[in-house]
Every structure is written in C-alpha cells, then in structure tokens.
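Notes follow once the structure below has been shown.
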Amino acid sequence: MRIKEALLFDLDNTLMDRDQTFRSFSTQFVKDALGHLSEEEAQQVIEDIIVRDADGYRDKNGFFAELSEVLPWQTPLSAAEIRAYYDKNYAGYGAAMRHAAEILQYSREKGYILGLLTNGYKDLQDGKIDLLGLRGYFKAIVISGEVGIRKPDPAIYKLALERLGTSAEQTLFIGDHPVNDIWGAGKSGMDTVWLKRNHPWDDGLDVQPWRTINELDELKGII
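All you need for my numbering is the position in the sequence shown, starting with 1, plus 285.
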C-alpha cells in the first residue's frame, strides 16, 4: 500500500452502529404509536419495520408511506406524522460502533488527517455526529444532503479530498458498503478497508478492498 497521510471514514454502520440505533428508535416508536399491542405483537412489528427499512437504503418518503399503510394502528398516523416523529427523535438514539472513539483517537495520535464522508440529510447526520461526540476528530466532514452529491458519485470523493487537502493516493477510505464506500472510493483512486457488516460482497465489482476487517480496532494492525 502507498504511504497514507489521511483516513476518510463513512458514518452509518462504520463509526455509528446504525443497527443498534435503528432498533432502539423503532422500539420506542412502536411503544409510543402502537401501545395497544401485546409485547409479542410489538416485537413482531419492530422486526418488520427493521426489515422494511432495508438498512436505511429505502427512500424515506416511500418507507414512511408504507408504514402508514401497513402497521396495525389503533390511531393511524400519516406518512408526514411518522416523518416528523423520525426527524425529531431518530438522531437521539445514535450509538457508536465498537472501538470508534478508540480508533479515531489512535489515528489522530499517529498523525493522520481525518475526514468523514456520509450520505444522508444534513440535519440528521449532523445530529448523529454531535450526539456521538465525533466532530472534533475531523478536519473535513462532507454530507451528501449538504453538497447535493451522493456516494458513489466520483464528485463527492473529489470534494472530500479537496477539503482534506490530500490526494487519493495519500488517503485510505474505511466503510461498510461494497458499492458506496469500497467501489466508489476505489474508483476514485483510494485504497480501501471494508468493514464487514450487513452487505455481502458483490463479486461483480471491478474494485477490491485493500483489506477487510470485522471490527474497527483491527485498523491498528493496518495503519
């Protein structure tokens, strides 16, 4: 691997444990909106919501419209009302990935320039970043909803590198999504580390990760 000066991280299911975050949010939502259900029924609904969410890759408006139609309401909520509940409460359930703060501190002490590149709405992603206390680690934070470009568009990686002040060859990207993180960053010239989470590798991709890890603290043996 070429010598690196910077590390560029994904957020959801890389530094933030989105699985735990969404489960906690869904549990409270069902308690608040579907309190008439038995404990067993409520748990079934929570699991159904998690499946329908598709790890956050559903269009949110379509997702909320679907929930409005299919959940076993006693007092129905519209898609707009579900959206308002989500926007108000979701970020507050943010949970850090195991070893996230530890590896960021380690990387900073090793002298790396750190950046964060995430898809999502600006207010929501900012809320997660601040709740988890991550902002101070990064020289640059690029959020797709703020800049109007989404991973894996090459332009968003270029923008992140410009804000970091490093080249693709000098930067290592760490993320969980095979396409949005590993393929996109790799096609932009960066070496990559794939954090295995929920998404299986697509053997049709023409870019491979430089390294694959199961936990963030494995980066200590790499960087």
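Here a beta-carbon is modelled for each residue, glycine too, at the ideal position from N, C-alpha and C.
query                                                                                                                                  : result
Given this structure, state the Cα-to-Cα distance separating GLY398 from ALA369, to the nearest angstrom.                              : In the sequence on display, residue 398 carries Ile and not Gly. Roughly 37 Å between the two C-alpha positions.
How long is the line joining the alpha carbons of THR312 and ALA365, rounded to whole angstroms?                                       : 19 Å
Just to confirm the assignment, what range does the beta strand (DSSP E) spanning THR497 have?                                         : 496-498
Would you mind stating whether PRO437 and VAL464 have Cβ atoms separated by less than 8 Å?                                             : yes
State buried or exposed for PRO526, treating a residue as buried only when at least 16 other CB atoms are found within 10 Å of its CB. : No information on residue 526 is available, as it lies outside the stretch 286 to 508 that the chain covers here.
Give me the Cα-Cα distance between LEU292 and THR299, rounded to the nearest whole angstrom.                                           : 13 Å
Residues bridged to PHE458 by DSSP?                                                                                                    : LEU293 and THR477
Identify whether ILE288 lies in helix, strand or coil by the three-state DSSP scheme.                                                  : coil
In this structure, how does DSSP classify LEU402 when only helix, strand and coil are distinguished?                                   : strand
For the 8 Å Cβ check, are there 3 or more pairs between the stretch 320-336 and the stretch 372-383?                                   : no
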